[in-house]
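Protein chains: 2
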Amino acid sequence: MRHARLPASEEIAIVDVFHALSDPFRLQIVRRLAVEGEASCQALEGDRPKSSVSHHFRVLREAGLIRTRNEGATRMNALRREDIERRFPGLLSCVLSARND
Amino acid sequence: MRHARLPASEEIAIVDVFHALSDPFRLQIVRRLAVEGEASCQALEGDRPKSSVSHHFRVLREAGLIRTRNEGATRMNALRREDIERRFPGLLSCVLSARND
DNA sequence: TCGATAGTTCGATATTTTTCGAATTTTGGC
DNA sequence: GCCAAAATTCGAAAAATATCGAACTATCGA
């Protein structure tokens, strides 16, 4: 399985992060990962076709927001909390505490 | 001159804010407004046609990030600092302090 | 090895944004 | 009233994103 590129902490670009977070579905994924720690893709899909879910996870991954590791046949996704915090202090807590959007 | 709608503080949607900030030119406008306080559109345009500049100011305005007031024939734009801070505490300082993107 | 499950990739289409010139609006000054 | 300056609106064309099914890949277990 080819590995998607994932930027190092210092390489994370804020415009990419903002773009990734500007989609409601992706924002929801980020928030659920924040609560659940790790989750598979399918655990977070909502009737969407797999290809669409996969696309959104890829956007999050390439923006530097999540990390994906293989666990058997499934892939577990997690927020890159420390990396994001180091790169953009305060951003994540701000995103997570912003309610009723 | 028709007035562009501008959301009340509580109506500002975080996905709209993120979308507005996901463009390098718009992010630059926000940062310059943070430094300069107020500025006309043309003061911030960089060789771009006026219609393009106007478009980006409109996106920022409709997202709730800036406010525009008439000053004679020119329009002065300013960040809605307090409104943004009330709605999404910490976001603005995070955006403004994020460097070398 | 065969199947089943989980995701990714591909390709085509649809939707959304961006871009830019031209026309228009608004305001102040002459 | 007219002209110039500042910005918005319109319309069309280009570029970027999103969507979805189908084909493909990888891993585990029977």
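As given, the protein sequences belong to chains A and B, one line each in that order. Position one of the first sequence corresponds to residue 20 (the working numbering), numbered consecutively onward. Position one of the second sequence corresponds to residue 20 (the working numbering), numbered consecutively onward. All C-beta atoms in this analysis are idealised placements derived from N, C-alpha and C, irrespective of residue type, glycine included.
Check	Outcome
What would DSSP say about Ala92 of chain A, mapped onto helix, strand or coil?	coil
Do Asn89 of chain B and Ile48 of chain B have their C-beta atoms within less than 9 Å of each other?	no
Where does the unbroken beta strand (DSSP E) through Ala58 of chain B begin, and where does it stop?	Glu57 to Ser59
Hey, how far is the Cα of Arg21 of chain A from the Cα of Leu40 of chain B?	For Arg21 of chain A, the predicted model reports a pLDDT of 39, less than 50, meaning its position is unreliable; a value from the coordinates is still stated below. Each residue's alpha carbon lies about 31 Å from the other.
Which same chain residues, not among the five before or five after Leu46 of chain A, have their C-beta less than 6 Å away from its C-beta?	Leu40
Is Ile85 of chain B helix, strand or coil when you go by DSSP?	strand
Is there a C-beta anywhere in chain B that falls below 9 Å from the one on Ile33 of chain A?	yes
Straight-line CA distance for Phe76 of chain B to Val34 of chain A?	17 Å
Name the DSSP beta bridge partners of Ala97 of chain A, please?	A:Glu57 and A:Arg86
Using 8 Å as the threshold, is the stretch 95 to 110 of chain B in touch with the stretch 53 to 73 of chain B, meaning 3 or more CB pairs across them?	yes
Hey, Cys60 of chain B and Gly109 of chain A are a contact pair by Cβ (cut 8 Å); roughly how many whole angstroms apart?	Contact flag wrong, Cβ pair sits at about 30 Å.
Quick one: grab the DSSP three-state call for Ala67 of chain A.	The displayed chain sequence assigns Arg, not Ala, to residue 67 of chain A. Three-state result, Arg67 of chain A: coil.
Quick check: what's the CA-CA separation for Leu25 of chain A versus Arg50 of chain B?	27 Å
At which residues does the alpha helix (DSSP H) containing Ser41 of chain A begin and terminate?	Where Ser41 of chain A is concerned, there is no enclosing alpha helix (DSSP H), given that its DSSP letter is neither H nor E.
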